[in-house]
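Here the structure is laid out as C-alpha cells; the discussion comes afterwards.
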Amino acid sequence: MVIQRARKKLRGASLIEFMIASLVGTMALAIIGSVFISSQRSAAQRSQEILLLQNITNVMQGMKEEMYQAGFDDVNRTSVLLSGASSVVYTQSSPSVVGFVYRVESAGAAAYRHVVYRQDSTALKLCEKMRAAPLTPASAADSIVGDSCYSLFDPRQISVTAFSTNTDALSGGLVSGAMTTVAITAALTNRPSVTQSLSFQIQSRNWQ
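Sequential numbering from 31 applies to the sequence shown in the numbering used here.
Structure below.
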C-alpha cells in the first residue's frame, strides 16, 4: 500500500510538472513566434525601403547623366539655352521643373533635344522633344501628341511627395556656369509611411 501511495504521488507530480512544462513551452513558442513575426515585418519593411531607394537612385543617376549634356552645341560652338532662359539648366520652383536643351549631332534637321523633368501631382515626368530650334521652357514641358512625356516611376508602386530644383550662378576665371540642386522625396503608394529622400548637385558650364 505504501508503494501504491508513492506511485500515485509520483504520477501526480509528473502530471503537474508536465502541465507546467507544457505551459512554459507554449509561452516560449508564443514569444518566439512574436519575435519571428516582428523580425519578418522589419525585414519586409527594410527590403521595401531598399527597393524604393534603388528606384530613386536609378532615376537620379539618369537625370545627372542627361544634365551633363545640357547646353552642348558643337556646331555653333556656344552654349544653347531654352528660349528665354538665362542659364544652361532652367529651374522653376512652382511647379517644380528642371529643363535644358542640347544639340544631337546625328539628328538631322531636328537637331535639338529638349529634356524637361517636372512634378505632376504625385508623378515625376520626363518630357523629351526633338526640334530644329530651341523651345521655351513651357513648350518643352507640354505633353503633345507625338512627343514622349512619361512617368519615371510606376505610380502604382511609388508616389513622389516632393520634387525641388534650384540653380545658383557661378563665376570665376574664364569659365562661368551654374550649380543646380535637385531633390526628390518619394513614398510607397500603398505604404506612405515608407519614404526615402535623395538629392544631388551638378555643375553646368557655358560651352564656350
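Ideal Cβ positions, reconstructed from N, Cα and C, are used throughout, including at glycine.
Apart from the five residues on each side of it in sequence, which residues of its chain come closer than 6 Å, Cβ to Cβ, to residue i?
i, result
"Ala36", "In this prediction, Ala36 has a pLDDT of 48, which is less than 50 and means its spatial position is unreliable; nothing more can be read from the coordinates."
"Val146", "Gly129, Cys157, Ala170 and Ala171"
"Leu182", "Val89, Leu154 and Leu156"
"Ser173", "Cys179"
Would you tell me roughly how many angstroms separate the C-alpha atoms of residue i and residue j, rounded to the nearest one?
i, j, result
"Glu79", "Pro222", "11 Å"
"Ala262", "Gln91", "Look at the range of the chain in this structure, 31 to 238, and you will see that residue 262 is not part of it."
"Thr219", "Ser201", "42 Å"
"Thr197", "Ala115", "12 Å"
"Gly207", "Ala74", "44 Å"
"Ser117", "Ser124", "18 Å"
"Thr195", "Thr121", "6 Å"
"Glu95", "Ser178", "19 Å"
"Asp103", "Lys159", "16 Å"
"Gln149", "Leu228", "15 Å"
"Ala213", "Thr87", "11 Å"
"Asn85", "Asn106", "37 Å"
"Ala199", "Thr211", "12 Å"
Given a cut-off of 8 Å, decide if residue j and residue i are closer than it, judged by their beta-carbon atoms.
i, j, result
"Gln226", "Met209", "no"
"Val224", "Leu111", "no"
"Phe230", "Ser126", "no"
"Val119", "Met93", "no"
Excluding the 5 residues flanking residue i on each side, which residues of the same chain have their C-beta closer than 7 Å to its C-beta?
i, result
"Val134", "Ala141 and Arg143"
Looking only at its chain, what residues have a beta carbon closer than 8 Å to the beta carbon of residue i, apart from the 5 residues adjacent to it on each side?
i, result
"Val32", "Low confidence applies to Val32: its pLDDT is 46, below 50, so where it sits in the model is not reliable enough to give any reading."
"Val131", "Ala100, Gly101, Val110, Leu111, Leu112, Tyr142, Arg143, His144, Val145, Pro164, Leu165 and Ala170"
"Pro185", "Thr152, Ala153 and Thr219"
"Tyr180", "Lys155 and Leu156"
Contact between the stretch 182 to 191 and the stretch 163 to 171 (3+ Cβ pairs under 8 Å): no
Ranges of the alpha helix (DSSP H) found wholly within the stretch 154 to 234, counting only runs of at least 4: 167 to 171
Within the stretch 91 to 137, ranges of the beta strand (DSSP E) (whole runs, at least 3 residues): 120 to 123 and 126 to 133
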